[in-house]
Every structure is written in structure tokens, then in C-alpha cells.
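Notes to accompany the following structure.
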Amino acid sequence: MYTQGLDQPGKAGDSARGIETAAQLDAFQARIDREEKIEAKDWMPEAYRRTLVRQISQHAHSEIIGMQPEGNWLTRAPSLKRKAILLAKVQDEAGHGLYLYSAAETLGVSRDQMVADLLSGKAKYSSIFNYPTLSWADVGAIGWLVDGAAIMNQIPLCRCSYGPYSRAMIRVCKEESFHQRQGFEIMLTLCRGSAEQKAMAQDALNRFWWPSLMMFGPNDDKSQHSAQSMAWKIKRFSNDELRQKFVDVTVPQAEFLGLTIPDDKLSYDEESGHYRFSEIDWREFFDVIAGNGPCNRQRLEKRRQAHDDGAWVREAARAYADKHAPATAAA
Amino acid sequence: MTKQEWPLYEVFIRSRAGLSHRHAGSVHAADDAMALDHARDTYTRRSEGVSIWVVRSDRIVASDPAETAAFFEPAEDKVYRHPTFYDIPDEVENL
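Protein sequence lines, in the order shown, are assigned to chains A and B.
Numbered continuously in my numbering, the first sequence closes out at residue 329.
Numbered continuously in my numbering, the second sequence closes out at residue 844.
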């Protein structure tokens, strides 16, 4: 999902368990198994902490980078109403990024470090945000599909074993439903409009369908960190389970819109009650994750530019605060 | 990049009059006034609050989770502090 990079092989390296005794690890797992929440200052295995830092910061970075594809249409929204809505949605994404950075900071990693890792390209973010938004319909498709896929993943994360992450996800999920519904409404409006508008909607679905399915990450048999994350109750459902759930709820919505899912192998399996769909083009997925998607460079470039452009504001605010700090506040 | 990151503040929000402030999350800000503004923009975009407290995270004094058992131990063996400790005959009412 927003943390697909976690599923990448060759990054485990969780060997810093030297000072952790078996008794400690067992006691920790017992707490998890009792569905106790782990809080910031509680003892936790180093690998648990590291997994969470990686997952939560990737999630935060995705929210921040995720402002760009939609931000692209802020000045060209078709009406003042749509513009106000889109502005609110993009602002929410910034907010989600901030909740998540806060949650990650409780694990002892600094905001500056996370930002530096994003800007240097060391940290990953969701592959989906490396696709361009070519038409207004893409804004609809993103809300409907991308936020729809995100919700599928984030609802179970509300029950994640780490308290601060779970609380941040509850807050995010409350806001996410607006995002998905406004996206679907844009699609609906286009589909009920002229033939040209409906074609725009179909084109957006064609381009965003597969990248949305890729958001759930590799197939279960290829997902390296899944088993441990499930044992730690960070993750509650597997990539493929969530992807299937997403397809099952989304196909009827596309039918309602009168749009065609771009998959000739898509069919409903009466027996299982699930839709069967084609194999995902994993080469494309790994290519985008590796930095070679249509917009990877542009996204990072823009983020760096925004960060640099804001440097003087951060410094000025600091200088002002230092100048006006009461003498007693020298903590 | 700024040489030093803005300090962290913890944010507490009263959702409506009559309820206590409750921890919502945290924000970075250069000073107290900015922390209030950031807290408002980050945590009350949908009218979730009527009052906000912010406090520098490094000013919070907290109990140590590793010492939880010992720290709260004095309350453990004082069951007589609970009303259910006392046997009162069923016939006695309003007690």
C-alpha cells in the first residue's frame, strides 16, 4: 500500500537483537497476542521499532508526495466548488502526513531525519504517486480508486498493535471517506455528461486501474516482511486479501458508472463470490519502485524545491522565536 | 535546511465545553503562538475542538513504563477502597 517498499526483498537486516533476551521477546509477543497496545516508551524489540519507523515514515512520505498529482489541478479545477473541495482534500493529505510523522517520531526518529531521507531518495513512498494526472478526470479516478485502495488498507491499520500509529490511522480514516466520495462524484458527473466527458472518465480509469491494484504490494508469496508484520499485528490482512477485497467492491461501482475495467480476463466467480482478474505487470511495479516511473524524478525535484524555498521561512521563524523568547524559557 | 529542528509540542483538544482536553498528537513549531496555529490547522480542520492546549514535549514529566508495576503497586493491595469490598445484607436499601 503506501508502504509497499516494506515488501521489498534484501532489506531485512534485523540482526540487532543481540541484547534482547528470549524472555523479553516472549513477553513482548505475549502482550501482542493479548491484543495489548504497545505505547511509545514501552520496551519493544529493535526490529519491531525499525519496521514501524520504516512503515510509518513511508506512509507519511506518501501522503506528502501524494499532494502533487492532485495539486497539479488546483488552479485548473472546472469550478470554484471543485477547486475548494480539492484544496481541502490536498490540505487533508498534508495533515495526514503530519499525523504520521508525529507517530513515527514517538519511536525516536527525528522529523528532520525523515525529511532528509525522503529528499535524498533514500526513503520510499507509494508507487501510485509517480503517475501523472493528465486530465481533470484523473482527480476523480484518484479519489475513487487510490483513496479507495488506501481505505482498504488503513481500516485494519486502525487496530495496529502500536498505539500512536493506530490512533493516527483512526484520525486519517475519519477523513478519508470524504476523499473517496468526492472522487466518485467527479466520475459520476463526467459519466453523466457528454460523450467526450465520459471518454475522459474511461481514460482515467484505464490508466489508474492497474497502478491502483499495485498499491497493495507484491503477491503474498513474494512479500518478505508480511509474516513478521502479521505476527506483530502491525498488519492484519495480506496484500492479496486486501487487493481482492478492493476489486470486489470496486467492480460494481465501475458498472454503476457505465465504465469498463481495463482487464479482458475480469470475471465473476459465482462459487467463491469473488472477481477473478489478470496477473499484474510486476515489472512495471518494480520499475516504478526503483525510481523509474513516469514522474519519480519530477516528484522528488518538486519536493526538494519546495523544501529549499521554505528554508528562509523556517529560519526567520526560529530567529523571531529566539528574539522573543522569555528569559525563563531557556529549556 | 534549518540547523536545528523546531521544538515538538504535544497538543490537547477540548472537543466541546463540558469535556476534558484530550491528547490529539503533536506538532513542531518555532514558538508557542505558532504551535497553537499549527495545532488548529492540523487537528481541528473539521471543528473538532473549542479549546486547544499546547505544551512543549520536553516539559512533560511522565512515569516510566518499565517501572509501571512498582510505581502503581501501592494501589494494588487496597481492595477496601472499592465499594464492592463490603458485604451489605440485601434487605438494606439505598446503600
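Positions of the beta carbon are idealized from the N, C-alpha and C atoms, including for glycine.
Item: Measure from the C-beta of B/Asp786 to each C-beta in chain A and report whether the shortest distance is under 7 angstroms.; Value: no
Item: Compute the Euclidean distance between the alpha carbons of B/Leu844 and A/Thr104, then round it to the nearest angstrom.; Value: 47 angstroms
Item: In the stretch 789 to 802 of chain B, which residues sit with their C-beta less than 7 angstroms from some C-beta in chain A, listed in chain order?; Value: Thr791 and Arg794
Item: Are A/Leu240 and A/Asn151 closer than 7 angstroms when you measure CB to CB?; Value: yes
Item: What residue does the alpha helix (DSSP H) around A/Leu266 start on, and which one ends it?; Value: For the record, residue 266 of chain A in the displayed sequence is Tyr; it is not Leu. Careful: A/Tyr266 lies outside any alpha helix (DSSP H), inside the beta strand (DSSP E) at Ser265 to Asp267.
Item: Heavy atom of the ligand SAH less than 6 angstroms from the Cβ of A/Gly93, yes or no?; Value: Among the components modelled here there is no ligand, and therefore nothing to report on the ligand SAH.
Item: So, helix, strand or coil for A/Asn217, using DSSP?; Value: coil
Item: Give the secondary structure of A/Gly69 by DSSP, where H, G and I count as helix, E and B as strand, and everything else as coil.; Value: helix
Item: Within 7 angstroms (strictly less), CB to CB, does A/Ala75 reach chain B?; Value: no
Item: Is A/Arg316 close to chain B, meaning its C-beta is less than 7 angstroms from at least one C-beta of that chain?; Value: yes
Item: Run through DSSP, which three-state label would A/Leu105 get?; Value: coil
Item: Please report the straight-line C-alpha distance between A/Ile63 and A/Leu72, rounded to a whole angstrom.; Value: 15 angstroms
Item: The beta strand (DSSP E) with B/Leu757 in it runs from where to where?; Value: Leu757 to Arg763
Item: Assign A/Leu78 to one of two classes, buried (16 or more other C-beta atoms within 10 Å of its C-beta) or exposed (fewer than that).; Value: exposed
Item: Please go through the same chain and pick out, in chain order, the residues whose beta-carbon is closer than 8 angstroms to the beta-carbon of A/Arg74, but skip the five residues on each side of it.; Value: Trp134
Item: Mind listing the chain B neighbours of A/His322? Cutoff is C-beta to C-beta under 8 angstroms, in chain order.; Value: Asp780
Item: Below 8 angstroms on the Cβ atoms is my guess for A/Val170 versus A/His59; work out the distance and round it to an integer in Å.; Value: About 14 angstroms; that fails the 8 angstroms criterion.
Item: Sort B/Ser800, B/Phe820 and B/Asp839 by Cα distance to B/Ser769 and report the nearest one.; Value: B/Ser800
Item: Using 7 angstroms as the threshold, is the C-beta distance between A/Ala398 and A/Leu98 below it?; Value: The structure shown does not extend to residue 398 of chain A, since chain A spans only -1 to 329, so no value can be given for it.
Item: Does the stretch 179 to 196 of chain A come into contact with the stretch 240 to 257 of chain A, if we say contact requires no fewer than three beta-carbon pairs (one atom in each stretch) closer than 8 angstroms?; Value: yes
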